[in-house]
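*Asks:*
Protein chains: 4
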Amino acid sequence: MIVAMQDRASEEQIQYVIDQLVRMGFEVHRSTGALKTVLGGVGSQTDFDTREIEMLAGVQEVHRITSPYRLAGRNFRPEGTIVKFANGLEIGGKNIVVMAGPCSVESREQLFTVSEQIAQAGARVLRGGAFKPRSSPYSFQGLGLEGLKLLREAGDRFNLLVISEVMEISQIELMLPYIDIFQVGARNMQNFNLLRELGKVRKPILLKRGISATFEELLCSAEYVLAGGNYEVILCERGIRTFETYTRNTMDISAIPIIHKLSHLPMTADPSHGTGRRDKVAPMARASVAAGADALLIEVHHQPDKALSDGAQSLYPQQFADLMGEIRMIAPAVGRTIA
Amino acid sequence: MIVAMQDRASEEQIQYVIDQLVRMGFEVHRSTGALKTVLGGVGSQTDFDTREIEMLAGVQEVHRITSPYRLAGRNFRPEGTIVKFANGLEIGGKNIVVMAGPCSVESREQLFTVSEQIAQAGARVLRGGAFKPRSSPYSFQGLGLEGLKLLREAGDRFNLLVISEVMEISQIELMLPYIDIFQVGARNMQNFNLLRELGKVRKPILLKRGISATFEELLCSAEYVLAGGNYEVILCERGIRTFETYTRNTMDISAIPIIHKLSHLPMTADPSHGTGRRDKVAPMARASVAAGADALLIEVHHQPDKALSDGAQSLYPQQFADLMGEIRMIAPAVGRTIA
Amino acid sequence: MIVAMQDRASEEQIQYVIDQLVRMGFEVHRSTGALKTVLGGVGSQTDFDTREIEMLAGVQEVHRITSPYRLAGRNFRPEGTIVKFANGLEIGGKNIVVMAGPCSVESREQLFTVSEQIAQAGARVLRGGAFKPRSSPYSFQGLGLEGLKLLREAGDRFNLLVISEVMEISQIELMLPYIDIFQVGARNMQNFNLLRELGKVRKPILLKRGISATFEELLCSAEYVLAGGNYEVILCERGIRTFETYTRNTMDISAIPIIHKLSHLPMTADPSHGTGRRDKVAPMARASVAAGADALLIEVHHQPDKALSDGAQSLYPQQFADLMGEIRMIAPAVGRTIA
Amino acid sequence: MIVAMQDRASEEQIQYVIDQLVRMGFEVHRSTGALKTVLGGVGSQTDFDTREIEMLAGVQEVHRITSPYRLAGRNFRPEGTIVKFANGLEIGGKNIVVMAGPCSVESREQLFTVSEQIAQAGARVLRGGAFKPRSSPYSFQGLGLEGLKLLREAGDRFNLLVISEVMEISQIELMLPYIDIFQVGARNMQNFNLLRELGKVRKPILLKRGISATFEELLCSAEYVLAGGNYEVILCERGIRTFETYTRNTMDISAIPIIHKLSHLPMTADPSHGTGRRDKVAPMARASVAAGADALLIEVHHQPDKALSDGAQSLYPQQFADLMGEIRMIAPAVGRTIA
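Residue numbers (the working numbering), protein chains in the order written: chain A, 893 to 1231; chain B, 893 to 1231; chain C, 893 to 1231; chain D, 893 to 1231.
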């Protein structure tokens, strides 16, 4: 922590700040300039609130120079994390992985139709919601256990891994036999109790960035899972909230290279939620690959006009197949291939 | 729902949109102008996604004209909701209620010292966290059950009601014997499973606006609780995330008159979290009262430099007493008194 | 400037950074901890870009510890600036000044009707646009010189000072004989050429915060005027752009105490533009006074339904008179009176 | 315009709204449902403020269904605009054009060195600032006329067109002999007086999106230029302001396909300002091409550590050459080639 004192700070004020820093466990270095005294607090703590010092008399400003996360930081594993699955698939390696499927599991017929088509086009992971977080209490809330069973069956039939969203602690046990990756949605990115429980699980967690979460907050949330001993965390950009309302969210493509710099965890992109509009999914999926994404999550539905949720952002199977062709052309520009 | 067709939309496209609206349960009115056809979909549904129509061929834009919430809307109870407690205190009535206390319950000595001082200054409700949502897994996470017992004891001793935050479903049962109001924090505003369970409880819920939640989303979340049969919901502004980083959040004072217009539920303000800085709490508390707030939540600590959380935004007891004097002067300008 | 080096930074990298800092004119202090080296660059420059250092090899992060403005900072005049007018009116002193009038000057009849009513209710400054910045090229663009003359005449008749917006350099000369305060609108807050010219004028400038301007940027823009020798600058909050679209802008009431802390310049509030809705003007005007505003700008129109611009946010004269009564009650709570 | 009346709106209120719409020049269609009356106002006006109706008694909400711009809309020229230059270069056609160069023109040696290198790598337009908008009055403000002359000379020598920023009306005449494209910076996007003057010029205008400008506002600003008779307008995304501060701005890649849908004007991207960090320029440049950009603007400097402005976001010439290779690989995926 660096503390810049005000130009007129008294010696007494400076001493009080030093005492507080020492009490918080820091070793303190002092630089005294003509006008300004600057204090550097050095130590290995990550759990402190810089505002505690900021509010002291005579302090001008305070900056923390260590990140509040440790295990999620690039330094912890400079070579990067590759999440490996039993069938040989890897996320974070040389190949870019495409995960696709409907927003919600609606019926066996729907799920199997879509699964077959995405598998043929080259997807390797099947996505689909069994439990749905809906902003209205009157909306379709998912098929639950029945949906999980269908996902597993479709995944096995078409040789796809399965990812699905977990919304609360009691669902973890229920989902464990049926899915390969737990997805934590944007609204739960700071559901710390849920994250702590997922740290005890031994399956990968795909953690989506909250719509107003900073990169630091995203990595702090990943830290909750990692600190529990589960090191297989995959991060995902899915759009942030800005002043612009033409799209549902503004997809922050720059999050991809930034997270790659700050963290060793694989970074993926969800252009379906990132834009909320079918006609913008393909351009943003291509942009994500061009910016270095390790995987894509894409919603596909064979009859989007009849989807029970998010039909407006679901691609038709043919659009998805076309997109697969486009990203196969782009991947070599970033030294990658499609898995 | 209003659907504006593109200027060149074909009759076939228009018919397809009409068919979809009918399928969704709407009665359709059609206005054909020289250039433009506009379709009005009228009905009593609240659960639909306008983007489903927006994506159809020939559609220019779609607007919903009914809110997605019903029970939370002002129309449902035009005279406004007053939440009444056994000791005669009312939130949403003529009197403005002040809730105060430390961020976290840290010890008996701390809690009793602060409680006595805020009660003397005129607070009527004691706030204090027993379970703490912390962005870092390494931070102090609260005293849990021990904290709840201390809160009840202090509340009873100094004649204060007690409010404390609930973070997950399993805590509800635990908290029920000790607290008078359940607080749902900003990060859990869209934890729909938690909200649904709180709809079954028969104690008031104070629901804080998420840091990037629209008014519509806040009222949809309130709807989850109301739809469960618990009509005693109190809303709270506690700052939103904007581009400005000087303060932790930007407190949106305009939320107070806006929520009063859109909803019948009492609207309160938390200037401590809204600003994150002790020196900005009093101006924003005064502003909240001047804008019509029904209650205030204010963090107070007798030794904020030693607080285990959020000391930087906690008032000293004397500052709190001064503030009480100021808002007693302001309340009559909005036809209110301090409870 | 404080430079935190990465944990593994080499001695060579550290030396290169030190050399660059010296080249930029800083005296450098070095603190070497077990893990981390921190460099403090001390000097009196204000014109540098911290990113130049941030991009160097081995650097983790950089913080500036001096503000990029000098003359606008509170340190420059700790006792605060009071802008004084020939008729004895003061902005920034003990009295709160109310400026009111129509959005645009539309006609003699309109202007004189409104001016008389606001003067009776207690306004001391007449506002009104002669040149209008309009986002559409097809909108009413103001009466120009004719409007200026009417403003002067109405001001003289009803004993009101006159404020009006200047949009480009060529208008300064034209406006000088007719107005008492130049207003710079939010869209021109970073029109640096205009600001530089206004630094040469010897009349006060009311500078509005841009809708996405940080406090630092606002004060840098004020610095342009001050650096030209015009020290009579008045700042104004008029709403910022956030994700919420219910109101046109989100009025940041906290800007008032924050600017008072950072700068010596008077700080005022414009709740008409800050909310864009007539029914929210009074609550936000009251909140501004409660938060410590030195003056208010309020749009008033006797027939807002017929206004050529911004009728939706203009108060009826009776609403304005009622509001004056309310703020007279609030002012004493912050140790002020209404001018 | 569509007006949804409140459920309890009286017949008198409905009639008053109809009268106002007629007064504003609309033909009115009325749909009366069981609960709700909806009014459709149809006409060819573009200059009205929906809030005027929104504030009337009995009105629930109002939506405009025609855009406030005409000439900038896709409908005006569905096939798209191609801006053509005398040397055969086209922006908006099949080829993607790369514009590159230093942030500021600093000296003949600097400009010629950079120009040669970017020309060799494949750039077709030379960018460079002669007049610089700087947030601090103490920063380097550009070489002015001298800079313009150097730009022209370098452009002619290396067979590059020249683009440079115009900041105020008086500079237009001065720049005309030296440059091929006028650039309007983000801070001047709503400098309507400047835009109006540029409408009279017969050279292309590259108009950058303001950091908090909606798409509608960007197109309204383009309309000012088009309405003056200058149809050669090129739009540019250069980052918007969001809550995230890790990058200077958040580059909104989705703006590219969105503007292509809403408007016929070519859409370009400036990843240098869009990110503010050298290491993020290449990923975002690649993403822009993958998303369909018609041109790129990229800052390049042979000695960025010594640049007088924005060195931190300038690529080294070798990095620029590498990037050219990458985008040449990506362009075919979107059916394009590099000019």
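Each residue gets a CB set at the ideal place from its N, CA and C atoms; glycine is no exception.
1. Over the uninterrupted alpha helix (DSSP H) stretch that includes PHE1004(B), give me the two end residues.
2. Indicate whether the contact test is met: 3 or more Cβ pairs, each with one atom in the stretch 943-952 of chain B and one in the stretch 906-917 of chain B, closer than 8 Å.
3. Is the CB-CB distance between HIS1156(D) and PHE968(D) below 8 Å?
4. What's the C-alpha gap between LEU1087(C) and GLU1136(D)?
5. Below 8 Å on C-beta distance, what does ASN1085(C) contact in chain D?
6. Would you mind stating whether GLY984(C) and SER1007(C) have Cβ atoms separated by less than 8 Å?
7. Grouping DSSP H, G and I as helix and E and B as strand, with all else coil, what is ILE1103(B)?
8. What are the start and end residues of the beta strand (DSSP E) that includes ASN987(B)?
9. For the candidate residues LYS1100(C), GLU903(C), GLY980(C), whose alpha-carbon lies nearest to that of ARG929(C)?
10. Put GLN1075(D) into one of helix, strand or coil per three-state DSSP.
11. Measuring only the C-alpha atoms, how far is ALA1011(C) from GLU1038(C)?
12. Does the beta-carbon distance from GLY1021(D) to GLY1034(D) come in below 8 Å?
13. So PHE968(B) contacts chain D; which residues on that side make the cut at Cβ distance below 8 Å?
14. Determine the direct distance from the alpha carbon of MET1216(D) to that of ALA1015(D), and round the result to whole angstroms.
15. Quick one: which unbroken beta strand (DSSP E) runs of 3-plus residues sit fully inside the stretch 1111-1142 of chain D? Chain order, please.
16. Please list the partners that ASP1214(D) has in chain A, where partner means a Cβ-to-Cβ separation under 7 Å.
17. What residues from the stretch 1102-1134 of chain D come within 7 Å of chain C, judged by C-beta to C-beta, listed N to C?
18. With a threshold of 8 Å between beta-carbons, can LYS1100(B) be considered close to chain C, or not?
19. Expressed to the nearest angstrom, what Euclidean distance is found between the alpha-carbon atoms of GLY1047(C) and ALA1105(A)?
20. Kindly indicate which residue of LEU1043(C), TYR1030(C), LEU1042(C), ILE1071(C) has the alpha-carbon position closest to the one of ALA978(C).
21. Short of 6 Å in beta carbon distance, which residues of its chain neighbour GLN898(B), apart from the five on each side in sequence? Order them along the chain.
22. Could you check whether the stretch 1047-1056 of chain D touches the stretch 1049-1058 of chain C, counting it as contact only if at least three pairs of C-beta atoms, one from each stretch, sit closer than 8 Å?
23. Would a check of beta-carbon distances place THR958(C) closer than 8 Å to chain B?
24. Can you give me, in chain order, the residues of the stretch 911-928 of chain B that have a beta carbon less than 8 Å from any beta carbon in chain A?
25. DSSP three-state label for MET897(C), please.
26. Please state whether DSSP places GLU919(A) in a helix, a strand or coil.
27. From the DSSP output, in three-state form, read off ALA1239(A) for me.
28. Does GLU1001(C) pass the burial test, meaning 16 or more other C-beta atoms within 10 Å, or should it be called exposed?
29. Please compile the residues from chain A whose C-beta is within a distance smaller than 7 Å of the C-beta of GLN907(B).
30. Please list, in chain order, the chain C residues whose beta carbon lies closer than 8 Å to that of ILE1148(B).
31. Using a Cβ-Cβ distance cut-off of 8 Å, determine whether TYR1138(C) contacts chain B.
32. Does DSSP classify ARG966(C) as helix, strand or coil?
33. Take ILE1190(D) as the anchor and find which of ALA1183(D), HIS1165(D), GLN1009(D) has the nearest alpha-carbon.
34. Under a Cβ-count criterion, where at least 16 other Cβ atoms within 10 Å of its own Cβ denotes burial, should VAL914(B) be classed as buried or exposed?
35. Bridge partners of GLY932(A), per DSSP?
36. Determine the DSSP secondary structure at VAL951(C), reduced to helix, strand or coil.
*Replies:* For this structure:
1. To locate residue 1004(B), count along the second sequence from 1; it is residue 112. That run of the alpha helix (DSSP H) goes 1000-1013.
2. Contact annotation: the stretch 943-952 of chain B touches the stretch 906-917 of chain B, with at least three C-beta pairs closer than 8 Å.
3. Position 264 of the fourth sequence holds residue 1156(D). Position 76 of the fourth sequence holds residue 968(D). Closer than 8 Å, so yes.
4. Residue mapping note: residue 1087(C) aligns to position 195 of the third sequence, counting from 1. Residue mapping note: residue 1136(D) aligns to position 244 of the fourth sequence, counting from 1. Computed Cα separation, rounded: 29 Å.
5. Position 193 of the third sequence holds residue 1085(C). In chain order: MET1059, GLU1060.
6. Residue numbering aside, residue 984(C) sits at position 92 when the third sequence is read from its first letter. Residue numbering aside, residue 1007(C) sits at position 115 when the third sequence is read from its first letter. In this structure, SER1007(C) does not lie closer than 8 Å to GLY984(C) by Cβ.
7. As a first step, residue 1103(B) is located in the second sequence; it is residue number 211 there, counting from the start. Under the three-state reduction of DSSP, ILE1103(B) is assigned to coil, being neither helix nor strand.
8. Position 95 of the second sequence, counting from 1, holds the residue named residue 987(B). Per DSSP, ASN987(B) belongs to the beta strand (DSSP E) from 987-993.
9. As a first step, residue 929(C) is located in the third sequence; it is residue number 37 there, counting from the start. Just to set this straight, residue 929(C) is Thr in the shown sequence, not Arg. With distances taken between Cα atoms, THR929(C) lies closest to GLU903(C).
10. Your numbering for residue 1075(D) matches position 183 in the fourth sequence. Shown here, GLN1075(D) sits in a strand according to DSSP, grouped into three states.
11. Within the third sequence, the letter at position 119 stands for residue 1011(C). Within the third sequence, the letter at position 146 stands for residue 1038(C). Going by the C-alpha atoms only, they are around 22 Å apart.
12. Numbered from 1 along the fourth sequence, position 129 holds the residue referred to as residue 1021(D). Numbered from 1 along the fourth sequence, position 142 holds the residue referred to as residue 1034(D). Yes, the Cβ-Cβ distance between GLY1021(D) and GLY1034(D) is below 8 Å.
13. Walking along the second sequence from the start, residue 968(B) turns up at place 76. For PHE968(B), no chain D residue has a C-beta closer than 8 Å to its own C-beta; the minimum C-beta separation is roughly 11 Å.
14. As a working mapping, residue 1015(D) is identified with position 123 in the fourth sequence. As a working mapping, residue 1216(D) is identified with position 324 in the fourth sequence. Straight-line Cα distance between these residues: approximately 9 Å.
15. Listed in chain order, the complete beta strand (DSSP E) runs (minimum 3 residues) inside the stretch 1111-1142 of chain D are 1125-1129.
16. Taking the first residue of the fourth sequence as 1, we reach residue 1214(D) at position 322. For ASP1214(D), no chain A residue has a C-beta closer than 7 Å to its own C-beta; the minimum C-beta separation is roughly 11 Å.
17. For the stretch 1102-1134 of chain D, which is checked against every Cβ of chain C, the residues closer than 7 Å are ILE1103, SER1104, GLU1109, CYS1112, GLU1115, TYR1116, ALA1119, ARG1133.
18. The sequence position of residue 1100(B) within the second sequence is 208, counting from 1. No, its Cβ sits nowhere closer than 8 Å to a Cβ of chain C.
19. Taking the first residue of the third sequence as position 1, residue 1047(C) is located at position 155. Taking the first residue of the first sequence as position 1, residue 1105(A) is located at position 213. Cα to Cα, the separation comes out at about 50 Å.
20. Taking the third sequence and counting its residues from 1, the one referred to as residue 978(C) is at position 86. Ranking LEU1043(C), TYR1030(C), LEU1042(C), ILE1071(C) by Cα distance to ALA978(C) puts ILE1071(C) first.
21. Residue 898(B) sits at position 6 when you count from the first residue of the second sequence. The answer, listed in chain order, is GLY950, GLN952.
22. With contact defined as three or more Cβ pairs closer than 8 Å, the stretch 1047-1056 of chain D and the stretch 1049-1058 of chain C are not in contact.
23. Locating residue 958(C) in the third sequence gives position 66, where the first residue counts as 1. Not closer than 8 Å to any Cβ of chain B, the Cβ of THR958(C) fails to qualify, so no.
24. GLN912
25. Stepping through the third sequence from its first residue, residue 897(C) is reached at position 5. Strand at MET897(C).
26. The count along the first sequence starts at 1 and reaches residue 919(A) at position 27. Three-state result, GLU919(A): strand.
27. Only positions 893 to 1231 of chain A appear in the structure, and residue 1239(A) is not among them; the question remains open.
28. Within the third sequence, residue 1001(C) is the residue found at index 109, counting from 1. So GLU1001(C) counts as exposed.
29. Position 15 of the second sequence, counting from 1, holds the residue named residue 907(B). Neighbours of GLN907(B) on chain A: none; closest Cβ ~14 Å, over 7 Å.
30. Here residue 1148(B) refers to the residue found at position 256 when the second sequence is read from its first residue. PRO1175, listed in chain order.
31. Taking the third sequence and counting its residues from 1, one reaches residue 1138(C) at position 246. So yes, TYR1138(C) belongs to the interface.
32. On the third sequence, position 74 is the one that residue 966(C) refers to. Here ARG966(C) sits in helix by DSSP.
33. Sequence index remark: in the fourth sequence, residue 1190(D) carries index 298 (1-based). Among ALA1183(D), HIS1165(D), GLN1009(D), the Cα nearest to that of ILE1190(D) belongs to HIS1165(D).
34. Working through the second sequence from its first residue, we reach residue 914(B) at position 22. Answer is exposed; the Cβ neighbour count stays below 16.
35. For this step, residue 932(A) is matched to residue 40 along the first sequence. According to DSSP, GLY932(A) bridges with ILE894(A), HIS921(A).
36. Here residue 951(C) corresponds to residue number 59 of the third sequence, with the count starting at 1. Note: VAL951(C) maps to strand in three-state DSSP.
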